[in-house]
Amino acid sequence: MELALSAANYLSPIANALVYLNTTKVHPVWFPYPLAPTLHALRVSMGFQSHARRSTTPHSWGTYLTGFLIMAWGGGILSHLLLGVPPPMLYSFHPAINYISVHLLVTLVFQIFPDLLNPQVLDTILWPLDALLRTNSVTSLLGLLDTPNVHPEYQNSPLAHLIVGAIVSSGGGLSAGTLDVWSPNWTFNTPPILRAGAGWVGTLDVWGGALVALIYSSTTGHKAFTSLHTYTTLLLSSHTFSLTRKPHPDSDFPPLSALAAKSLAGAVLGLLFAARVIKLHWLPAEKVAVTPRSAATPMKKGKKKIQ
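What follows is the structure, encoded as structure tokens:
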């Protein structure tokens, strides 16, 4: 119990920020949408435009808006369809109004002040917000696992929780990268996480989302993670980690509340996002050795040996 209370005290600023993002509206009358999806649209628009600038050919309005929506909604739509729950984007006009209006406004701002679109500066300043928004999205979708529409096999499977977390976190970016929606002429490419050199930085959105799901579902005592919770509490109550061994360790480490679990997951993901920003924008780039063209594929090597 002492451990849970101590964690709650340290995580209270993150918890307060999550509550604020989900309960505060941009404007109660003129723009009655919560800050969380609005800021998510803002950050996705920044990322989309940063990639789109690399293209020398201008986008059509169709590719510009649709590509942005794929990047913003890909993870949400895929995860909803996986669970058999209708995605709000497909039955309500409000998500489209919220996201498209923000995207158009951000586009106008960067057209007037193009120097403001600096990924190094923006990522460095806004990584805490990115971690909060990503954590909020993952944990919100995990809450749908307990709805009656979802198959019990998904509800009781730890793997399903991890997959949902990974899809919510990375589905939009992977869909955008695979379809190359940042260019005016879309093409089907290898998913970014499968390309050479992706590393932990390029795959963080995938396994980071799964990690958030693991932390959230296990610390809230979800039935899919009952065995993990039991073994964890036994380990934390052992002589190795505790000065006094308790007779009933389960009672000493009760499940966290949903908000506390969100905060803990957000704190962990925030550290990972901070490390990624440092790696991408502030550490010297690693030198990549140039491989001779004749040795590009194992098949070519085999043919040379036969000859």
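Counting in UniProt numbering, the sequence shown runs from 1 upward without gaps. In this text, a Cβ means the ideal position worked out from N, Cα and C, and glycines have one as well. Source: prediction; values computed, not measured.
(message) Classify glutamine 111: buried if its beta carbon has 16 or more other beta carbons within 10 angstroms, exposed otherwise.
(response) Around the C-beta of glutamine 111, fewer than 16 other C-beta atoms lie within 10 Å, and the residue is accordingly described as exposed.
(message) I'd like the list of long-range same chain contacts for tryptophan 73, defined as Cβ closer than 6 Å, with 5 residues on each side in sequence excluded.
(response) Met89.
(request) Output the distance between the C-alpha atoms of histidine 27 and proline 255, rounded to the nearest integer angstrom. (result) Whole-angstrom Cα-Cα distance: 36 Å.
(message) Which residue marks the beginning of the beta strand (DSSP E) containing serine 222, and which one marks its end?
(response) Checking the sequence shown, residue 222 turns out to be histidine, not serine. In the DSSP annotation of this structure, histidine 222 is not part of any beta strand (DSSP E), being labelled neither H nor E.
(message) Report the CB separation of alanine 166 from isoleucine 70 in whole angstroms; it is logged as a contact under 8 Å.
(response) By a beta-carbon distance limit of 8 Å, alanine 166 does not contact isoleucine 70. Their separation comes to about 18 Å.
(message) Could you compute how far the alpha carbon of phenylalanine 225 sits from the alpha carbon of serine 217?
(response) For phenylalanine 225 and serine 217, the distance between alpha carbons rounds to 7 Å.
(request) Per DSSP, which residues does histidine 27 bridge with? Please list them. (result) Under DSSP, histidine 27 shares a beta bridge with Phe31.
(request) Take valine 268 and list the residues in its own chain whose beta-carbon comes closer than 8 Å to its own, dropping the five residues that flank it on each side. (result) The residues Leu211, Val212, Ile215, in chain order, have a CB closer than 8 Å to that of valine 268 in the same chain once the five nearest residues on each side in sequence are set aside.
(request) Check whether the Cβ atoms of alanine 15 and alanine 260 sit closer than 9 Å, and answer yes or no. (result) In contact: alanine 15 and alanine 260 (Cβ atoms closer than 9 Å).
(request) Taking 9 Å as the cut-off, decide whether the C-beta atoms of asparagine 98 and threonine 23 are in contact. (result) Cβ atoms of asparagine 98 and threonine 23: not closer than 9 Å.
(message) Between the stretch 118-134 and the stretch 276-283, can you find at least three pairs of beta-carbon atoms closer than 8 Å?
(response) In this structure the stretch 276-283 lies against the stretch 118-134, because at least three pairs of beta carbons, one per stretch, are closer than 8 Å.
(request) Pair every Cβ in the stretch 146-164 with every Cβ in the stretch 50-66, then say whether three or more of these pairs are closer than 8 Å. (result) Counting Cβ pairs under 8 Å, fewer than three are found: no touch.
(message) On a Cα-Cα basis, can you pick out the residue from Ala265, Ser79, Gly202 that is closest to tryptophan 133?
(response) The residue asked about is misnamed: residue 133 is leucine in this sequence, not tryptophan. Considering only alpha carbons, the answer is Ala265.
(message) Contact defined as beta carbons within less than 8 Å: I believe serine 170 pairs with valine 201. What is the distance between those atoms, to the nearest angstrom?
(response) That pair is no contact at about 13 Å.
(message) Cutting at 6 Å between CB atoms, please list the residues of its own chain near phenylalanine 188, excluding the five before and the five after it.
(response) Nothing listed; no residue qualifies.
(request) Give the single residue among Leu126, His151, Gly75, Thr230 whose Cα lies nearest to the Cα of threonine 139. (result) Checked all of Leu126, His151, Gly75, Thr230; the closest Cα to threonine 139 is Gly75.
(request) Give me the Cα-Cα distance between valine 109 and proline 58, rounded to the nearest whole angstrom. (result) Rounded to whole angstroms, the separation of the alpha carbons of proline 58 and valine 109 is 18 Å.
(request) Using 10 angstroms around the beta-carbon of isoleucine 193, count the other beta-carbons present and answer buried if the total reaches 16, otherwise exposed. (result) Isoleucine 193 should be labelled buried.
(request) Output the boundary residues of the alpha helix (DSSP H) element that contains leucine 159. (result) For leucine 159, the enclosing alpha helix (DSSP H) stretches over residues 158-179.
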